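To start, the structure itself, in structure tokens.
Residue numbers (the numbering used here): 74 to 232.
Written out as structure tokens, the structure reads:
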């Protein structure tokens, strides 16, 4: 449960920014991942973009805003410490999945440098997966929390 006076304080402060006044998160963070998605989308035509993809480094939410130059960046950094767990936990899990998928893509694509057709095909698969994760993250930023799914064994135990 968030500290309600602080949560309400930040909800007021973030109005008129791209920080959601319910979740206290901003979709601007995904610009960091959109760079990789764009590079992957060009990889089939420009295989040397793989070097730029390999050079990409993850940044935490706070690191991204520290270097963003956005006028509301200090507020985004402060507000992040007050994001309710119901949004922060799935948001952070989505970020970890994005980072792991990018690392996997680099590893897979590295072995395809000499096959531009396969490189492009595989890169397309990865950028689409990443875009789906960014879409999920954006939905969380705007208050949609993914519903947990039950494993079949748990469902069977209910009956």
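Where a beta carbon is used, it is the ideal one built from N, C-alpha and C, also for glycine. Quick caveat: nothing in here was measured; it's all calculated off a predicted structure.
Inset, instruction - Determine the closest residue to residue 116 out of 201, 218, 189 and 148, with distance taken between C-alpha atoms. - result: In the chain shown, counting from the first residue as 1, residue 116 sits at position 43. Looking at the Cα atoms, 189 is the closest of the given residues.
Inset, instruction - Could you check how far apart the C-beta atoms of residue 214 and residue 98 are, in whole angstroms? I think they sit under 8 Å. - result: Counting from 1 along the chain shown, the entry for residue 214 is found at position 141. Counting from 1 along the chain shown, the entry for residue 98 is found at position 25. That belief holds up - the Cβ atoms of residue 214 and residue 98 are roughly 4 Å apart, short of 8 Å.
Inset, instruction - For residue 80, I'd like the list of residues in its chain whose CB is within less than 8 Å of its CB, leaving aside the five on either flank, ordered along the chain. - result: For the purposes of this step, residue 80 is taken as residue 7 along the chain shown, with counting starting at 1. Closer than 8 Å at Cβ, skipping near neighbours: 97, 155 and 157.
Inset, instruction - Name, in chain order, the residues that DSSP records as bridge partners for residue 48. - result: Lying outside 74 to 232, the shown extent of the chain, residue 48 is not represented and no answer is given.
Legend entry - Beta-carbon proximity check, residue 210 vs residue 103, cutoff 8 Å: Locating residue 210 in the chain shown gives position 137, where the first residue counts as 1. Locating residue 103 in the chain shown gives position 30, where the first residue counts as 1. In contact: residue 210 and residue 103 (Cβ atoms closer than 8 Å).
Inset, instruction - Taking residue 108 as the reference, give the member of 198, 125 and 88 with the closest Cα. - result: Walking along the chain shown from the start, residue 108 turns up at place 35. Comparing Cα-Cα distances from residue 108 to each of 198, 125 and 88, the minimum goes to 125.
Legend entry - Touching by the beta-carbon criterion (3+ pairs, under 8 Å), the stretch 164–184 and the stretch 126–133: Enough Cβ pairs lie closer than 8 Å, so yes.
Inset, instruction - Would you check if the distance between the CB atom of residue 141 and the CB atom of residue 101 is smaller than 8 Å? - result: Taking the first residue of the chain shown as position 1, residue 141 is located at position 68. Taking the first residue of the chain shown as position 1, residue 101 is located at position 28. Yes, the pair counts as a contact, with Cβ atoms nearer than the cut-off.
Legend entry - Inter-residue Cα distance where the pair is residue 138 and residue 168: Numbered from 1 along the chain shown, position 65 holds the residue referred to as residue 138. Numbered from 1 along the chain shown, position 95 holds the residue referred to as residue 168. Their Cα atoms are separated by approximately 15 Å.
Inset, instruction - Tell whether a beta-carbon distance below 8 Å holds between residue 182 and residue 123. - result: Here residue 182 corresponds to residue number 109 of the chain shown, with the count starting at 1. Here residue 123 corresponds to residue number 50 of the chain shown, with the count starting at 1. A Cβ-Cβ contact shorter than 8 Å links residue 182 with residue 123.
Inset, instruction - Identify, in the order they occur along the chain, each residue of the same chain with its Cβ nearer than 8 Å to the Cβ of residue 191, setting aside the five sequence neighbours on each side. - result: The residue labelled residue 191 in the question sits at position 118 within the chain shown. Only 185 meet the Cβ criterion.
Legend entry - For residue 161, the three-state DSSP class (helix, strand or coil): Numbered from its first residue, the chain shown carries residue 161 at position 88. The DSSP-derived three-state label of residue 161 is helix.
Legend entry - Cα-Cα separation between residue 203 and residue 118, rounded to whole angstroms: The residue labelled residue 203 in the question sits at position 130 within the chain shown. The residue labelled residue 118 in the question sits at position 45 within the chain shown. Each residue's Cα considered, the two are about 19 Å apart.
Legend entry - Helix, strand or coil at residue 87 according to DSSP, with G and I counted as helix: For this step, residue 87 is matched to residue 14 along the chain shown. The three-state reading of DSSP puts residue 87 in coil, since its state is none of H, G, I, E or B.
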